[in-house]
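Comments concern the structure below.
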Amino acid sequence: MNIGTVIGFVFGLFILFLSILFAVEFEFGRFLLFGSIESLLIVLGMTVAATLIAYPFQDVKKVFDDFKKAFAEDESPVEQYISGLATISNTYARGGDTKLSSLANEYADNQFIKEGLEYIELRYTEALIKSIMSSQIQNEHQRLLSQVQIIKNMSANAPAFGVVGTLIGLVVMMSGLDPSDTEKLMQGLGSGMATALLTTFYGVLSSNFIFSPIATKIEKRIEDQILMMRVCMEGIILVLKKTPENMVRDQLKVYLPVQWASISSNNAQQMTEP
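Residues are numbered in this note's numbering as their position in the sequence shown, beginning at 1, plus a constant of 843.
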């Protein structure tokens, strides 16, 4: 579970509920005025419907899986991969060609590294390996960004459908008003307007509190994933060149952002498993 996401979500709800309670002067009966199943159905239902119209079903299904992943713990096994590639380079430099295949099989959870080691075993040139792996990185980047774009599209649609719900509420409200009774007219106008505006409230809230932050979170993880793939590609090239173990670590460290650059050539764990 990602602590930051959970804390942000819970804290946001707490501030929202507290603000509403202050606004209604802690009258819990009035607090319930901010609940509307109809408004929620219009905003979320129409947003999902528009997304299904715009994108293939399988892509939309993957997006809902991404919503779950936004609350999962961040994973950055880049240190393990660098240590593993450094050890493999050392083994390969000592004439361990026959072991390269078995070492590749140990990276079953990282198909990218596994395939890179297989390219070395197949005697591909450095230029060919870089070309293949760079294309794989680019294609994966585009695929992942397309999923983020779906969430951004949902973020843009939610407020619009909130306005649609408000218009529906206004039509219903105006058609039900009785101009012959001024007192009831004003009461109905105020109550109906409040209910209609709730849909806009839900639309803006879901866009800025749910869809947009999750899109940003996933986009950041995509950047980390692509960076990790680039580090692994450079590591494969260093293995091909039979670069000494410590030099592999030191050269790969320069690609890492601050939060990942904690790998030391003196104390990095020696690993051959991812």
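Don't be surprised by glycine CBs; every beta carbon is placed ideally from N, CA and C. Only a predicted model underlies this, so the values are computations on that prediction, with no experimental measurement involved.
Which residue comes first and which comes last in the alpha helix (DSSP H) that contains residue i?
i        : result
Asp-1067 : 1055-1083
Gly-847  : 846-866
Glu-949  : That residue, Glu-949, is in no alpha helix (DSSP H); it is neither H nor E in DSSP.
Ile-885  : Where Ile-885 is concerned, there is no enclosing alpha helix (DSSP H), given that its DSSP letter is neither H nor E.
Thr-1086 : Here Thr-1086 belongs to no alpha helix (DSSP H), and DSSP marks it neither H nor E.
Arg-937  : Taken as a continuous stretch (DSSP letters only), Arg-937 belongs to no alpha helix (DSSP H), as it is neither H nor E.
Leu-895  : 889-897
Val-903  : 900-912
Ala-871  : Reading off the sequence shown, one finds Phe at residue 871, where the question assumed Ala. Segment 871-874, the alpha helix (DSSP H) holding Phe-871.
Taking 8 Å as the CB-CB limit, is residue i close to chain D?
i        : result
Ala-1039 : Annotation note: the requested chain D is absent from the structure, which comprises a single protein chain.
Under 8 Å by Cβ, that's how I've got residue i and residue j pegged, so tell me the actual separation to the nearest angstrom.
i        : j        : result
Ile-1065 : Leu-988  : 7 Å
Ala-929  : Arg-1092 : 5 Å
Lys-1060 : Ala-913  : 5 Å
Val-1082 : Ile-931  : 6 Å
Ile-993  : Val-891  : Actually they do not touch by this definition, with Cβ atoms about 11 Å apart.
Leu-960  : Leu-943  : 6 Å
Asp-902  : Gln-990  : 7 Å
Thr-1042 : Gly-1078 : Incorrect: roughly 52 Å between the Cβ atoms, too far for contact.
Lys-995  : Ala-1058 : 5 Å
Worksheet entry | the segment 862-875 contacting the segment 951-959, beta-carbon criterion three pairs below 8 Å | no
Worksheet entry | Minimum length 4: unbroken alpha helix (DSSP H) runs contained in the segment 948-979 | 954-964
Worksheet item: Using 8 Å as the threshold, is the segment 875-893 in touch with the segment 1035-1043, meaning 3 or more CB pairs across them?
Response: yes
Practice prompt. Report yes or no: do three or more beta-carbon pairs, one from the segment 972-983 and one from the segment 991-1008, lie closer than 8 Å?
Written response: no
Worksheet item: Quick one: any contact between the segment 917-926 and the segment 849-865, if contact means 3 or more CB pairs under 8 Å?
Response: no
Worksheet item: Does the segment 983-1002 come within contact of the segment 881-900, defined as at least 3 CB pairs closer than 8 Å?
Response: yes
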